[in-house]
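Residue numbers (this note's numbering): 148 to 365.
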């Protein structure tokens, strides 16, 4: 599984979903037998063929429904100003759980189960991201920023924590911008002129360096 947006396949019919689910189940059992979890008289070649078919069925189910994960993640990202890449990753994990947990014998469509598990993952990720943002602001405890023409030239009305000076300019500026009450990833990216991937790399470095500097000053 990957964080990139996979190409979606055509939507599946109810019968196709059931056939894929049965093939996935057979593949899981075959792999368990190959791993020695239980004894079976089935030929080795048959078990290996079942595992391959199960993997292919899993991928087809994934491709047909990954668009739902991306749609729900994007909706949460836009509504709450949270990093879309992080949310897409969590939504895809929810989709993977749904594929493994869906019981086609209950008569419900797979999309119902997928919606539940994806939404659950997104709600958990949303709480964690909000907590991280609040903890970051509380740890930095920065006063309101005064905007300038360039994000790198942001200055403070009051003196920032001493440990903040130990950070490189870009990392320090990012933390200062994120400390604002109205900060959102999209707004900060625009102020710094960063792509989404560059923003996440800078954010990771800033968090790591900030944690080290903060602990050293404590």
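Every residue, glycine too, gets a C-beta built ideally from N, C-alpha and C. All values derive from a computational prediction rather than experimental measurement.
Proximity below 8 angstroms, CB of residue 216 to CB of residue 242: Against a cut-off of 8 angstroms, the Cβ pair of residue 242 and residue 216 comes out as a contact.
Euclidean distance between Cα positions of residue 206 and residue 238: When rounded, the distance between both Cα atoms is 16 angstroms.
Inter-residue spacing [alpha-carbon to alpha-carbon] between residue 246 and residue 209: Residue 246 and residue 209: Cα-Cα distance of roughly 8 angstroms.
Spatial distance of residue 350 from residue 240 (CA atoms): Distance between the alpha carbons of residue 350 and residue 240 is about 23 angstroms.
Collapsed DSSP secondary structure at residue 264 in the structure displayed: Of the three classes helix, strand and coil, the one that applies to residue 264 here is helix, per DSSP.
Residue 319 versus residue 348: straight-line alpha-carbon distance, rounded: Cα atoms of residue 319 and residue 348: separation of roughly 14 angstroms, rounded to the nearest angstrom.
Cutoff 7 angstroms; reference residue 187; Cβ partners in own chain excluding five residues on either side: Same-chain partners within the cutoff: 180.
Nearest-angstrom Cα separation, counted from residue 321 out to residue 244: Residue 244 and residue 321: Cα-Cα distance of roughly 35 angstroms.
Host alpha helix (DSSP H) of residue 310 (start-end): Looking at the DSSP string, residue 310 is not in any alpha helix (DSSP H), and its letter there is neither H nor E.
Burial state of residue 343 (16 or more Cβ within 10 Å): Taking all protein chains in view, the Cβ of residue 343 is surrounded by fewer than 16 other Cβ atoms within 10 Å, so the residue is classified as exposed.
Buried or exposed (CB count within 10 angstroms, at least 16 for buried), residue 324: By the neighbour-count criterion, in which a residue is buried when 16 or more other Cβ atoms sit within 10 angstroms of its Cβ, residue 324 is buried.
Reference residue 254, options 358, 161, 355 and 361, closest by Cα: When 358, 161, 355 and 361 are compared, the shortest CA-CA separation from residue 254 is found for 161.
Euclidean distance between Cα positions of residue 257 and residue 330: Their Cα atoms are separated by approximately 37 angstroms.
Close Cβ partners of residue 169 (< 8 angstroms) along its chain, the five nearest in sequence each way excluded: These residues qualify, in order along the chain: 251.
Rounded C-alpha distance that separates residue 211 from residue 267: Near 20 angstroms, if we compare the C-alpha coordinates of residue 267 and residue 211.
Residue closest to residue 176, alpha-carbon to alpha-carbon, out of 315, 317 and 199: Of the listed residues, the one whose Cα sits closest to residue 176 is 199.
Range of the contiguous alpha helix (DSSP H) that encloses residue 217: Note, residue 217: alpha helix (DSSP H), 191-227.
Opening and closing residue of the alpha helix (DSSP H) in which residue 233 lies: Where residue 233 is concerned, the enclosing alpha helix (DSSP H) stretches over 231-248.
Helix, strand or coil at residue 357 according to DSSP, with G and I counted as helix: Helix.
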